[in-house]
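Trainee:
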Amino acid sequence: MAYFMISVDDPDTNRRFAESLGAGFPILSNPTREVAEAYGVVPAGGRGFPARWTFIIGGDGRILRIDKRVNPSRAGRDLVAHMRDLGLD
61 MAYFMISVDD
71 PDTNRRFAES
81 LGAGFPILSN
91 PTREVAEAYG
101 VVPAGGRGFP
111 ARWTFIIGGD
121 GRILRIDKRV
131 NPSRAGRDLV
141 AHMRDLGLD
């Protein structure tokens, strides 16, 4: 199992953010917003702020669940609950 975050910020900004959190996982950069657009997190054309959504993707590449109500203060707990619900714990 692997997990990571993706952001439309540049790599240096994401590196500093990861260091400030002591993150033990990668924070990927998508400054062109192509991936964010493909997943519907930002409107086509890349305008506006990206939504904070959590995608749980199975080993076969299929999206198993999308959480569109992400609350940063409990996102980790919510992710664990989603994974347990899907039998991925």
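Using the working numbering, read the sequence shown as starting at 61 and increasing by one per residue.
We treat Cβ as the ideally placed atom computed from N, Cα and C, and that holds for glycine.
1) Report the partner residues of Arg134 according to the DSSP bridge assignment.
2) Hey, could you find the ends of the beta strand (DSSP E) Asp127 is sitting in?
3) Counting only runs that start and end within the segment 68-102, where is the alpha helix (DSSP H) found for 4 or more residues in a row?
4) Where does the unbroken beta strand (DSSP E) through Phe115 begin, and where does it stop?
5) What distance in whole Å lies between the Cβ atoms of Ala104 and Glu97, which are believed to be in contact at a cut-off of 8 Å?
6) Could you please give me the residues that DSSP links to Met65 through a beta bridge?
7) Please classify Val101: is it buried, with 16 or more other beta-carbons within 10 angstroms of its beta-carbon, or exposed?
Mentor: Walking through what the data contain:
1) None; Arg134 has no bridge partner.
2) Its beta strand (DSSP E) spans residues Ile123 to Asp127.
3) Listed in chain order, the alpha helix (DSSP H) elements of length 4 or more contained wholly in the segment 68-102 are 71-81 and 94-98.
4) Note, Phe115: beta strand (DSSP E), Thr114 to Ile117.
5) Taking C-beta atoms under 8 Å as the contact rule, Glu97 and Ala104 qualify, at a distance of about 6 Å.
6) Residue pairing by DSSP puts Met65 in a beta bridge opposite Ile87.
7) Flag for Val101 reads buried.
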